[in-house]
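S.K.:
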Amino acid sequence: MKFVFFLCFVLSFSFAFLRVSGEKIVDKYNNEVYLQGVALENGLFSKWNAAAQQLIMIQEAAAVSWSFTEADARELKQRGFNLVRYCLNYEQFAAENPEREKNQQAFADRLDWCRKHNLYVLVNLHVPPGHTNIIRPTDDSIFESGRYWEDFEKFWSELLNTYK
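Counting in this note's numbering, the sequence shown runs from 53 upward without gaps.
#1: Based on Cα-Cα distance, which residue from S197, V85, L177, D192 lies nearest to F207?
#2: With 16 other CB atoms within 10 Å as the buried threshold, where does E205 fall?
#3: My assumption, with CB atoms under 8 Å, is that L171 sits in contact with A125. Please give the rounded CB distance.
#4: Tell me the residue span of the alpha helix (DSSP H) that contains R126.
#5: Within a Cβ cutoff of 6 Å, which residues of the same chain sit near R162, ignoring the five residues on either side of it in sequence?
#6: Which ranges does the beta strand (DSSP E) cover as unbroken runs of at least 3 residues, wholly within the region 130-191, from first to last along the chain?
#7: Apply the 10 Å Cβ neighbour rule to A158 and answer buried if 16 or more other Cβ atoms are within range, or exposed otherwise.
#8: Looking only at C-alpha atoms, which of V179, R137, E153, V72 sits nearest to E84?
#9: Over what stretch of residues does the alpha helix (DSSP H) that includes K277 continue unbroken?
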C-alpha cells in the first residue's frame with residue numbers, strides 16, 4: 053500500500069498547477085507565481101457543546117458550511133489573493149461518518165468556487181486520523197498506530213485520485 057500511496061502522490065503532483073523551479077514557484081507555463089493567501093480553519097476542529105461543557109468534533113457538512121462561501125472566494129480574489137490554504141479534518145471524511153458524502157460534496161463545491169475565481173488551493177489535512185492534539189488527545193498518532201497510518205494513506209489516495 054505504501055508504494056501505491058507514494059505513486060499516487062507523485063503522479064498527482066506531476067499534474068499540479070504549480071511547481072518549484074530552482075528557487076521560484078512557477079505555473080504550468082513556467083511563469084513565476086507569487087503566492088498571496090489566507091488559511092481557512094473552516095470550523096474543522098470543534099464546536100462548543102454547552103450542555104456537555106466540552107468541545108465536540110464536527111462531523112456534519114452543515115456545521116461548517118458558513119465558514120467559506122463563494123462570495124468569500126470572490127472577495128479574496130478582488131482583494132488580490134491567489135491562494136487558499138484549506139484545512140481539513142479527517143473525521144469529516146472518515147468512512148464511518150454518516151455525513152461523509154455531504155462533506156465530500158461540500159469540499160468539492162469549495163474547490164469549484166476557488167477554481168472559478170482563479171484561486172490556488174493548498175489542501176492541509178490539519179486534523180489527521182488519531183487526532184493527536186490538545187482538543188482531541190489520543191494515545192496513538194499516525195506514526196504509532198498502523199490503523200491510523202492506513203487511514204491516513206487511504207484518505208490521501210482517495211483525495212488525490214478524486215481531485216487531481
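The C-beta atom is built at its ideal place from N, Cα and C for all residues, glycine as well.
M.R.: In short, the structure shows the following:
#1: As a first step, residue 207 is located in the sequence shown; it is residue number 155 there, counting from the start. Closest option to F207, Cα to Cα, is L177.
#2: Here residue 205 refers to the residue found at position 153 when the sequence shown is read from its first residue. Buried, since its Cβ has 16 or more Cβ neighbours within 10 Å.
#3: Along the sequence shown, read from residue 1 onward, the residue named residue 171 stands at position 119. Along the sequence shown, read from residue 1 onward, the residue named residue 125 stands at position 73. With 8 Å as the limit, L171 and A125 qualify as a contact, their Cβ atoms being about 6 Å apart.
#4: Residue mapping note: residue 126 aligns to position 74 of the sequence shown, counting from 1. Here the alpha helix (DSSP H) through R126 covers 122-130.
#5: As a first step, residue 162 is located in the sequence shown; it is residue number 110 there, counting from the start. Only F120 meet the Cβ criterion.
#6: Those beta strand (DSSP E) runs which fall completely within the region 130-191 and span 3+ residues are 135-141, 172-179.
#7: Numbered from its first residue, the sequence shown carries residue 158 at position 106. Classification for A158: buried.
#8: The residue you call residue 84 lines up with position 32 of the sequence shown. When each option's Cα is compared against that of E84, the closest is V72.
#9: Because the chain is modelled from 53 through 216, residue 277 falls outside the range shown and cannot be assessed.
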